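In our numbering, the protein residues as written are 2 to 321.
Everything on this sheet refers to the single structure shown next.
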Ligand code: GLY
């Protein structure tokens, strides 16, 4: 592997004893807090990751997931979600226009159908058939942001409330959650409203197993967040898990994904990708192209925010 001297030196624990949860961005902290007591008490990892995703989906202040997420260029909301516990056990929905809790819906696809992914009207009709009520997905704040964008104003950015002065939240940030329960079972979930003001019909990495999320109990799990277009061409989450399967540490796996993205795309200054990789024994690492990414960790020591071990371009500005 091509070691880059510009990688940050780690200051995070290399291993957390299960049960544990790891999730992207500080806005995942309240959901991880909600999920933690059940997980710590013997609850299942799939329940935990779905609980964390639901919290972000319901939070109108999170402008990249669920209600509060920014719409596409036509002002229409579409949500994507995915869950996974093994290569032969995953479910996904994309371009959902009328139902809020897309990680739960993805779980229903996994548990109640013989399919992996349902898209668009089909996914909404599936939810209707399950008796899940339709929701208004476009918040007043997101509509106002879209109107500003139509008028030529840049989308709003805000300081990540959990971050330091370098850490910024930009509105294309999936919640990705990984958990290992007391039985040693790993699960993952993703939920996103996708790239803000995207072309109608665009779907990113989050709902696609292997791209935004991958879990294999034999090797580990990974979640990715940020510009999906940069993650999809390298199968970012699958790549991280495959590196671990072939003997890499989670730290080296994260470096490999970031360096592969760098080689393939030469990302622009505004591009950001964050990735978390977790081994079945609780060893984990995280990294990002630039400052701005933060990981929520929940374990027996509590719920806290941790800077990623690796930042590929520590010398550059945060992705804004
Ligand atoms: N990572 C979320 C997306 O690009 O849609």
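Don't be surprised by glycine CBs; every beta carbon is placed ideally from N, CA and C.
Computed from a predicted structure; not experimentally measured.
Each residue's CA atom was taken as its position, placing residue 34 and residue 299 some 7 Å apart. In the DSSP assignment, residue 26 falls outside any alpha helix (DSSP H) and carries neither an H nor an E.
Note on residue 61: under 16 other CB atoms within 10 angstroms of its CB, so exposed under the neighbour-count rule.
Secondary structure within the segment 48-88: the beta strand (DSSP E) runs of 3 or more consecutive residues, fully enclosed, are 80-87 (chain order). Closer than 6 Å to some heavy atom of ligand 1: that describes the Cβ of residue 193. For residue 192, the enclosing beta strand (DSSP E) stretches over residues 187-193. Per DSSP, residue 214 lies in no alpha helix (DSSP H) segment; the continuous beta strand (DSSP E) that holds it begins and ends at 214-217. Apart from sequence neighbours up to five positions away, the residues of its chain that approach residue 181 with a beta-carbon distance below 7 Å are 19, 20, 21, 46, 187, 283, ordered along the chain. Under the three-state reduction of DSSP, residue 93 is assigned to strand. DSSP places residue 220 outside both helix and strand once states are collapsed to three, so it counts as coil. A contact between stretches requires three or more CB pairs, one per stretch, nearer than 8 Å, and the segment 226-233 fails this requirement with the segment 87-95. Residue 62 has its CB no nearer than 6 Å to any heavy atom of ligand 1. Within 6 Å of the C-beta of residue 286 there is not a single heavy atom belonging to ligand 1.
If the five residues before and after residue 76 are omitted, its C-beta is found closer than 6 Å to the C-beta atoms of 147, all from its own chain and listed in chain order.
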